[in-house]
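Asker: Quick one: the structure is below, questions incoming.
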Amino acid sequence: MDTIENYRQIIKKLLTEYAQIPTTESGIENQTIFDSENDRYMLISLGWSQEKRIHYCIIHIDIIAGKIWIQANNTDCLIAEELVAAGIPAKSIVLGMQPPEVRPYTAYGVGIEGSDRPMQLKSN
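Structure representation (structure tokens):
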């Protein structure tokens with residue numbers, strides 16, 4: 000299995016496991032969104048709570064230029080550490096929610112060299 004396909008499988012497994020954690024409110028469910036073509040993966044909460052619509056991003060991960068970008072982690076879990084424990088090198092993980100100038104001081108990757116913009120749109 001090539002590296003990117005391995006990353007995809009690890010991310011999908013991780014998000015699927017998190018999606019199975021029961022929510023604290025009835026009417027709210029966790030859903031995974033896997034877009035393997037564009038390498039975008041999310042875990043969201045969706046539903047209704049006290050007549051209010053809930054649509055909330057829990058975790059958002061992209062694969063960009065061969066690296067895993069954690070775009071959002073609205074949990075108290077250390078997703079990057081879980082990815083490393085699953086076999087992904089720390090330097091292949093970018094904390095996208097951190098400012099580019101801070102990333103070199105983390106144990107993780109810095110992103111796309113010479114760019115503050117993590118999103119590289121694929122043309123179809």
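Position 81 (the sequence shown) corresponds to 80 in numbering that gives the first Met the number 0; numbering is contiguous. Ideal placement from N, C-alpha and C gives every residue a C-beta, glycine not left out.
1. When the Cα atoms are used, what is the spatial distance from Ile63 to Ser25?
2. At a cut-off of 8 angstroms, would you count Gln8 as near the ligand GTP, judging by its Cβ distance to the nearest heavy atom?
3. Leaving aside the five residues before and after Trp68 along the sequence, list all residues of the same chain whose C-beta is less than 6 angstroms from its C-beta, in chain order.
4. Should Tyr107 be labelled buried (16 or more other beta-carbon atoms within 10 Å of its own) or exposed?
5. Using the three-state DSSP reduction, which class does Val101 fall into: helix, strand or coil?
6. With C-beta atoms as the reference, is Ile48 less than 9 angstroms away from Lys66?
7. Can you tell me the Cα-Cα spacing of Val109 and Tyr17, whole angstroms?
8. So, using beta-carbon positions, are Leu45 and Ile27 closer together than 9 angstroms?
Answerer: With the structure as the only source:
1. 36 angstroms
2. This structure lacks the ligand GTP; in fact it carries no ligand of any kind.
3. Asp61, Val93, Gly95 and Pro117
4. buried
5. coil
6. Sequence inspection shows Ser at residue 48; the Ile mentioned does not correspond to that position. For Ser48 and Lys66, no; Cβs fall outside 9 angstroms.
7. 26 angstroms
8. yes
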